[in-house]
Each structure stands twice: as structure tokens, then as C-alpha cells.
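A.B. asks: Below you'll find the structure I mean.
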Amino acid sequence: AQKVTQAQTEISVVEKEDVTLDCVYETRDTTYYLFWYKQPPSGELVFLIRRNSFDEQNEISGRYSWNFQKSTSSFNFTITASQVVDSAVYFCALRGGYSTLTFGKGTMLLVSP
Amino acid sequence: EAQVTQNPRYLITVTGKKLTVTCSQNMNHEYMSWYRQDPGLGLRQIYYSMNVEVTDKGDVPEGYKVSRKEKRNFPLILESPSPNQTSLYFCASSDLAGGFGEQFFGPGTRLTVL
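Heads up: the sequence lines are chains A and B, in that order.
Position one of the first sequence corresponds to residue 1 (the numbering used here), numbered consecutively onward.
Position one of the second sequence corresponds to residue 1001 (the numbering used here), numbered consecutively onward.
Structure, rendered in C-alpha cells:
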């Protein structure tokens, strides 16, 4: 069975701090996809990124960056210079083979001014 | 506008009274799925559908049924709801076959079973 662990339940930072959200996964599949989603206080789920298992390049999108390391089965998410609008619950998810899409339990990020 | 819609958005019901939550997408996606979100548990997949007339169980299918008679619709049926099915439900569709793409989520349905 596959598994996604987000060990950080809640993180509090002050605006402009950098913050990294950890995601560790387990799967027996050689082909799989990893995702990050954001759930702001309004409740909708917003797609942030998809990465397949064959692409270990790190990705940067504005203040967001993702570090994928197969050797440690991790797919960490960093927000640089955090802003209050980044306050949300962030979910990491894994889709392996023809199995279910498995989400982590989420990390609540609180950015205070 | 490309979207996934769910109805109703809020529902309070009583134990044992059958209910259906509708889900519809206008993006011609083959893959659709249902999730429930509970505090401290994240999102868990209930059922998914690879295409019309093809459905399969997710991680928490007990107490739920689904059907996929048309590509755009994927209703979630609770034939005899119980209080432990009180939850926030999300429908989603995916832009790649097999569900490997981005999940487009509906706005959610908050269900309370008394």
C-alpha cells in the first residue's frame, strides 16, 4: 500500500520568512506522480504542482519551489518570503500505478504579519 | 468556464434517509473521483471512475455507492447514511486518462448526518 506522510501538522511563521513543508512518501510502483494542493481558509482545493517519478528536476514558480529526491522518497515544498495570503492547509498527494490517489494529512501554515 | 459543480453544498439529514450528492464536470474528463475530508485525516478517496460505466473502490468505499452513466456526471449515493459519514465531500475530475493529471475539485459538500 502506498502512503504519504506530512509530519508537520502546523507551522507558524512571520511574514517574509522562508518555510519548508515536508512530504515523505512510500510506494512500490516505479512510475508514480506526486502533487501538492493548497486549501485556503475559503475551503477550495487549488492545484500547485505535479511531478512524475522520472523527473527529479527541482521546480521553481515565483516564490514557490519544490525539491524532489527519490533517494529519500521526499517531495518538499518551500515558500520563500512568505506572505499572509500563503496561510492555508497544504496537502501532498501520491498517485502510483493504477491505484488510488493518496493524500497526506496536510500541514496547516499560518503566516502572521 | 471550466468547472466541477456539486449539489447540494450543504446538507443536514437523519440516519437512514437515502441521499444523493450530484457532481458534474464540463471539461470532458474521463477520470472522476470522490473524496471525503475529515479533521486530522486529510482527504481520502471514496470511489473513482476511469470512464463511463467503469468505477472502482478507493480507500474508504464502505457505505457509499456511485454510478457513471454519462461522462460528465458522477453522483455519490448514501443509501443509509450514518453519523460517521458526517464529513466534507469533494468531487474531482482529472485532465489525464487514468487520473494521473491535475485533479480539478468541486467546491465541496458539507454533510451532517444526525
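All C-beta atoms in this analysis are idealised placements derived from N, C-alpha and C, irrespective of residue type, glycine included.
All values derive from a computational prediction rather than experimental measurement.
List the residues that DSSP assigns as beta-bridge partners of residue 107 of chain A.
C.D. replies: Position 107 of the first sequence, counted from the start, is the residue given in the question as residue 107 of chain A. DSSP, once it has assigned bridges, lists A:90 as partnering residue 107 of chain A.
A.B. asks: Can we say the segment 9–25 of chain A touches the segment 66–83 of chain A, given the rule of at least three CB pairs closer than 8 Å?
C.D. replies: Short answer: they touch.
A.B. asks: Sort B:1020, B:1054, B:1010 and B:1014 by Cα distance to residue 1075 of chain B and report the nearest one.
C.D. replies: Here residue 1075 of chain B refers to the residue found at position 75 when the second sequence is read from its first residue. Cα-wise, what sits closest to residue 1075 of chain B is B:1020.
A.B. asks: Per DSSP, residue 1050 of chain B forms a beta bridge with which residues?
C.D. replies: As a position in the second sequence, residue 1050 of chain B is number 50, starting the count at 1. None; residue 1050 of chain B has no bridge partner.
A.B. asks: Using the C-alpha atoms, what's the distance from residue 15 of chain A back to residue 53 of chain A?
C.D. replies: Working through the first sequence from its first residue, we reach residue 53 of chain A at position 53. Working through the first sequence from its first residue, we reach residue 15 of chain A at position 15. Their Cα atoms are separated by approximately 33 Å.
A.B. asks: Answer with buried or exposed for residue 1036 of chain B, where buried requires no fewer than 16 other C-beta atoms within 10 angstroms of its C-beta.
C.D. replies: Translated into positions along the second sequence, residue 1036 of chain B becomes position 36. By the 10 Å Cβ count, residue 1036 of chain B comes out buried.
A.B. asks: Any contact between the segment 1052–1072 of chain B and the segment 1003–1018 of chain B? By contact I mean 3 or more CB pairs, one from each, below 8 Å.
C.D. replies: Too few Cβ pairs lie closer than 8 Å, so no.
A.B. asks: Between the Cα of residue 3 of chain A and those of A:112, A:113, A:111 and A:91, spot the shortest distance and give me the residue it belongs to.
C.D. replies: Here residue 3 of chain A corresponds to residue number 3 of the first sequence, with the count starting at 1. Measuring from the Cα of residue 3 of chain A, the nearest candidate turns out to be A:91.
A.B. asks: Could one say the Cβ of residue 3 of chain A lies closer than 8 Å to chain B's Cβ atoms, at least one of them?
C.D. replies: Position 3 of the first sequence, counted from the start, is the residue given in the question as residue 3 of chain A. False, the Cβ-Cβ gap to chain B never drops below 8 Å.
A.B. asks: Within its chain, find whatever has a CB closer than 8 Å to the CB of residue 1050 of chain B; leave out the 5 residues flanking it on each side and keep chain order.
C.D. replies: Within the second sequence, the letter at position 50 stands for residue 1050 of chain B. So the qualifying residues of the chain are 1030, 1031, 1056, 1097, 1098 and 1099.
A.B. asks: Going by the beta-carbon positions, is the gap between residue 107 of chain A and residue 9 of chain A smaller than 8 Å?
C.D. replies: Here residue 107 of chain A refers to the residue found at position 107 when the first sequence is read from its first residue. Here residue 9 of chain A refers to the residue found at position 9 when the first sequence is read from its first residue. For residue 107 of chain A and residue 9 of chain A, yes; Cβs fall inside 8 Å.
A.B. asks: Counting contacts by CB-CB distance shorter than 8 Å, is residue 90 of chain A in contact with chain B?
C.D. replies: If you number the first sequence from 1, residue 90 of chain A lands on position 90. Not one chain B Cβ lies under 8 Å of residue 90 of chain A.
A.B. asks: With DSSP collapsed to three states, give me the class of residue 1108 of chain B.
C.D. replies: Locating residue 1108 of chain B in the second sequence gives position 108, where the first residue counts as 1. In this structure, residue 1108 of chain B counts as coil in the three-state DSSP scheme.
A.B. asks: Is residue 70 of chain A helix, strand or coil when you go by DSSP?
C.D. replies: As a position in the first sequence, residue 70 of chain A is number 70, starting the count at 1. Of the three classes helix, strand and coil, the one that applies to residue 70 of chain A here is helix, per DSSP.
A.B. asks: Under a CB-based cut-off of 8 Å, is residue 1108 of chain B close to chain A?
C.D. replies: In the second sequence, the residue the question calls residue 1108 of chain B occupies position 108. Answer yes: the Cβ-Cβ gap between residue 1108 of chain B and chain A drops below 8 Å somewhere.
A.B. asks: Classify residue 1099 of chain B as helix, strand or coil using the three-state DSSP reduction.
C.D. replies: In the second sequence, residue 1099 of chain B corresponds to position 99, counting from 1. Here residue 1099 of chain B sits in helix by DSSP.
A.B. asks: Return the first residue and the last residue of the beta strand (DSSP E) that residue 52 of chain A is part of.
C.D. replies: The count along the first sequence starts at 1 and reaches residue 52 of chain A at position 52. Element bounds for residue 52 of chain A: 46–52.
A.B. asks: Please state whether DSSP places residue 58 of chain A in a helix, a strand or coil.
C.D. replies: Numbered from its first residue, the first sequence carries residue 58 of chain A at position 58. In this structure, residue 58 of chain A counts as coil in the three-state DSSP scheme.
A.B. asks: Give the residues of chain A in contact with residue 1040 of chain B, contact being defined as C-beta atoms less than 7 Å apart.
C.D. replies: What you label residue 1040 of chain B is simply residue 40 of the second sequence in a count that begins at 1. Those are 105, listed as they occur along chain A.
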